[in-house]
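Sequential numbering of the sequence shown, starting at 8, is according to our numbering.
These notes are about the structure you will find just below.
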Amino acid sequence: MTCSFIALFLSTSSFAMMSAETEQASKALGANMVSEISFDQGKAALTDSAKTEIRDFVKSARASGMIDQIRVAVWADREYPVKKAKASKGDVALANKRAKAIDAFLRKDLAIETVEKFNMTQRPNALQKFLQTPTAKVKTVMEKNGAAPQTTEETGTFNHKAQASKALLMIYLKKM
Numbered sequence: 008m009t010c011s012f013i014a015l016f017l018s019t020s021s022f023a024m025m026s027a028e029t030e031q032a033s034k035a036l037g038a039n040m041v042s043e044i045s046f047d048q049g050k051a052a053l054t055d056s057a058k059t060e061i062r063d064f065v066k067s068a069r070a071s072g073m074i075d076q077i078r079v080a081v082w083a084d085r086e087y088p089v090k091k092a093k094a095s096k097g098d099v100a101l102a103n104k105r106a107k108a109i110d111a112f113l114r115k116d117l118a119i120e121t122v123e124k125f126n127m128t129q130r131p132n133a134l135q136k137f138l139q140t141p142t143a144k145v146k147t148v149m150e151k152n153g154a155a156p157q158t159t160e161e162t163g164t165f166n167h168k169a170q171a172s173k174a175l176l177m178i179y180l181k182k183m
């Protein structure tokens, strides 16, 4: 079981070039597979290449087992906000539209029933942290593992760790 999990997780690297921090955060959240897609600046629509990446990603997951759920963390065109910073209404709306576009594509085109969305333009609020909601857990784990960079120093020399204009898809397979 452990060997197949490692092989399954590492097999996702062919779909998107993502940082080690992103893969580590996804593992810490219990995801079996992870992939990133990119959006055009200011746009919420999925590109044809993003749809192809998602189709291939889901097809690969289905070949490995039954999909239990997909969690989607979505950014606007900015990185995760620093503490005490408030995202603009435009950024929140853009990330929400992107999340809805992914959700609709997964449900309608790929028959995925359970999709959980996380807007990465907003930090978890005090109540979410206190209740340890899935939103608080996902965002906290991603931030602590370096998968939700906040500053240009954290995005890396060539922005290879940047998450702005991206979405992270984490697939959880049903346990047999």
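Positions of the beta carbon are idealized from the N, C-alpha and C atoms, including for glycine.
Query	Result
Which same chain residues, not among the five before or five after P131, have their C-beta less than 6 Å away from its C-beta?	T142, A143 and K146
Any idea what DSSP makes of F125, helix, strand or coil?	strand
Indicate whether the contact test is met: 3 or more Cβ pairs, each with one atom in the segment 74–81 and one in the segment 99–106, closer than 8 Å.	yes
Do you know how far the Cα of S56 is from the Cα of S26?	20 Å
For E30, count the other beta carbons within 10 Å of its own beta carbon; 16 or more makes it buried, fewer makes it exposed. Which is it?	buried
I believe Q48 touches D84 by the beta-carbon criterion, under 8 Å. Please report the beta-carbon distance rounded to the nearest angstrom.	5 Å
If you compare alpha carbons, which of A111, F137 and Q139 is closest to A51?	A111
Relative to the C-alpha of I119, which candidate in A102, V65, K182 and K151 has its C-alpha closest?	V65
If you follow the beta strand (DSSP E) that I109 is in, where does it begin and where does it stop?	Segment K96 to A111 is the alpha helix (DSSP H) holding I109; no beta strand (DSSP E) there.
Using the C-alpha atoms, what's the distance from L180 back to A38?	8 Å
DSSP state of L180, grouped into three classes?	strand
State the Cα-Cα distance for the pair S42 and L176, rounded to the nearest angstrom.	5 Å
I want to see whether chain C comes within less than 9 Å of T29, judged by CB atoms only; does it?	This model lacks chain C altogether; it includes just one protein chain.
Just to confirm the assignment: which complete alpha helix (DSSP H) runs, minimum length 4, are found wholly within the segment 47–91?	55–71
I'd like the span of the alpha helix (DSSP H) that includes S33, first residue to last.	A27 to A35
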